[in-house]
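Numbering (this note's numbering), first residue to last: 4 to 559.
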């Protein structure tokens, strides 16, 4: 009975681990909670996106710039490029993060044809939108290079519409040691509301199409303290979220771009293709007069401490609580302390691989009492096997009587039939929590370990670690007490092979955790079994020179 339950746990665990990978490959991820249905045109005028060249105006305006300017902003953390045409962001790349070739910088945003520009102002007036997006803005400022000596800088883009006389000013302030940007938007004579666009796919570098990914990729909004994730596949055109918006963002596994407005009336998520998503914040205007709106923009890695320092709950986008279909508080409560402990260990070792090993050792030490109890229960069950087999043979045609007799036998010998499994059940949330920490935190991304392991967040390129893991699982199984029938034994023998192939594509950091855990389990199991054997010999000796030894001499 106990071994069937163990088999059930192992198979369930294997299915749990393989599920996200294969479901993602088939495109069957369950839909996330979507926002309100698309508003009809009679409820609110549609926001028109710019799609063509500006139309010559007739309103009297001062002579504007005649040539497009490109302005570069360089900080130790990122390189941003702005254009005076539209006053928009056209490139945003991170200096401390590279793609898999370890040379090309991660581009959080790049202006592409037929997409919504970053930092664009979108109004219900299609013609005005074209001019706002394609018009040449006057620029206050020049190329910026921020460092320890020059910690702050700002750019201002100004435009007056030649047809309506509407004015737009965008001031962007930067810091040398932060991914945070402060944006002030001053407008005059605009319609009663407008959208500030984050830009298509700004913050999404990987849609998780190359390999399975546990987590959410796409737009996410904090609406009155509730996190709303809009499944891109379920967005037909656009989705509105009306109410107090704390922030709206686009995110993938490791990176995020978020708009944190001071007084926005809504967030609007739109989709133009399967992998082209934009999110924007809506500002309402009291009248045609002058108005100033404020935003904070964060564009960078999902580093937990940086996100938490913003003070708006953006750190919750690092989902430590994932488990099967959703996010679970118990997993999150365990994962967050483990993450901070891992960070603490890394601060001393300088190597996340070593930190993972030390963290695993610490977790195993905490579970020593439970594991010891599990082994004792398994030994007790092993001792009862002859009597259990006799009962099964005697009552093979009476299942109810068999169950009753077995329970009486357990009670008489004070044995819990699932006692060996309870510690395994209690360790599942810990394992899932560690899985989330190692699989979703950017701190592990491209972190080297030894020799050929150059990225603990990526698979082992030579499959060495998965093979070692499979061997340790096989050794661990061979050390288990033999209390199962031949069919179960064959199934258990296949598990190391199955798990090896399953973990081939898993992050090497997670495989390293499994190896360390298996090695520690083997060591603990060896010494525990020795302890029980010694105790059994002592207990047999206390019974005097009788029973077992004497019987042996008589037979000889």
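Where a beta carbon is used, it is the ideal one built from N, C-alpha and C, also for glycine.
Keep in mind it's a predicted model, so treat the numbers as computed, not measured.
Look up residue i in the DSSP assignment and give the residues it is bridged to.
i, result
"residue 316", "The partner list for residue 316 (beta bridge, DSSP) is empty, contrary to what the question assumes."
"residue 296", "188"
"residue 143", "159"
"residue 222", "253"
"residue 75", "84"
"residue 183", "301"
"residue 244", "270"
"residue 528", "According to DSSP, residue 528 bridges with nothing at all."
"residue 177", "156"
"residue 284", "199 and 270"
"residue 236", "None; residue 236 has no bridge partner."
"residue 231", "224"
"residue 110", "96"
"residue 91", "86"
"residue 205", "Answer is none; residue 205 lacks a bridge partner."
"residue 170", "163 and 191"
"residue 258", "304"
"residue 263", "299"
"residue 276", "279"
"residue 148", "77"
Between residue i and residue j, which are expected to be in contact by the criterion C-beta below 8 angstroms, what is the C-beta distance as a whole number of angstroms?
i, j, result
"residue 222", "residue 258", "Rounded, the Cβ-Cβ distance is 14 angstroms, inconsistent with contact."
"residue 111", "residue 177", "Contact doesn't hold; Cβ gap of about 15 angstroms is too wide."
"residue 144", "residue 188", "That belief does not hold up - the Cβ atoms of residue 144 and residue 188 are roughly 16 angstroms apart, past 8 angstroms."
"residue 503", "residue 470", "6 angstroms"
"residue 120", "residue 200", "7 angstroms"
"residue 191", "residue 293", "5 angstroms"
"residue 271", "residue 243", "5 angstroms"
"residue 511", "residue 462", "6 angstroms"
"residue 254", "residue 220", "7 angstroms"
"residue 356", "residue 459", "6 angstroms"
"residue 168", "residue 325", "Residue 168 to residue 325, Cβ: 52 angstroms. No contact."
Is it the case that the Cβ atoms of residue i and residue j are separated by a distance below 9 angstroms?
i, j, result
"residue 299", "residue 263", "yes"
"residue 197", "residue 122", "no"
"residue 161", "residue 142", "yes"
"residue 302", "residue 182", "yes"
"residue 193", "residue 124", "yes"
"residue 159", "residue 172", "yes"
"residue 359", "residue 515", "yes"
"residue 236", "residue 277", "yes"
"residue 444", "residue 315", "no"
"residue 440", "residue 342", "yes"
"residue 135", "residue 79", "no"
"residue 375", "residue 531", "yes"
"residue 76", "residue 139", "no"
"residue 108", "residue 96", "yes"
"residue 528", "residue 499", "no"
"residue 366", "residue 437", "yes"
"residue 261", "residue 202", "no"
"residue 454", "residue 418", "no"
"residue 370", "residue 433", "yes"
"residue 282", "residue 273", "yes"
"residue 475", "residue 363", "no"
"residue 430", "residue 373", "yes"
"residue 538", "residue 105", "no"
"residue 421", "residue 334", "no"
"residue 132", "residue 114", "no"
"residue 395", "residue 412", "no"
"residue 94", "residue 84", "yes"
"residue 297", "residue 275", "no"
"residue 82", "residue 99", "no"
With a threshold of 8 angstroms (Cβ to nearest heavy atom), would residue i be considered close to the ligand ADP?
i, result
"residue 155", "Ligands are entirely absent from the displayed structure, and the ligand ADP is therefore not among its contents."
So, does the region 445 to 457 touch the region 491 to 506, judging by three or more C-beta pairs under 8 angstroms?
At 8 angstroms Cβ cutoff, the stretches do not touch.
Could you pull out every unbroken alpha helix (DSSP H) segment of at least 4 residues lying fully inside the region 311 to 399, listed in chain order?
Complete alpha helix (DSSP H) runs here, min 4: 332 to 352, 355 to 369 and 371 to 397.
Any chance the region 347 to 359 sits against the region 465 to 483, with 3 or more Cβ pairs inside 8 angstroms?
Output reads no: the region 465 to 483 does not touch the region 347 to 359.
Mind listing, in chain order, the continuous alpha helix (DSSP H) runs of no fewer than 4 residues lying wholly within the region 409 to 479?
Segments of the alpha helix (DSSP H) lying fully in the region 409 to 479: 425 to 443.
Can you give, in chain order, each stretch of the beta strand (DSSP E) that sits fully within the region 119 to 143 and has at least 3 residues?
As far as the region 119 to 143 is concerned, its whole beta strand (DSSP E) runs of at least 3 residues are 141 to 143.
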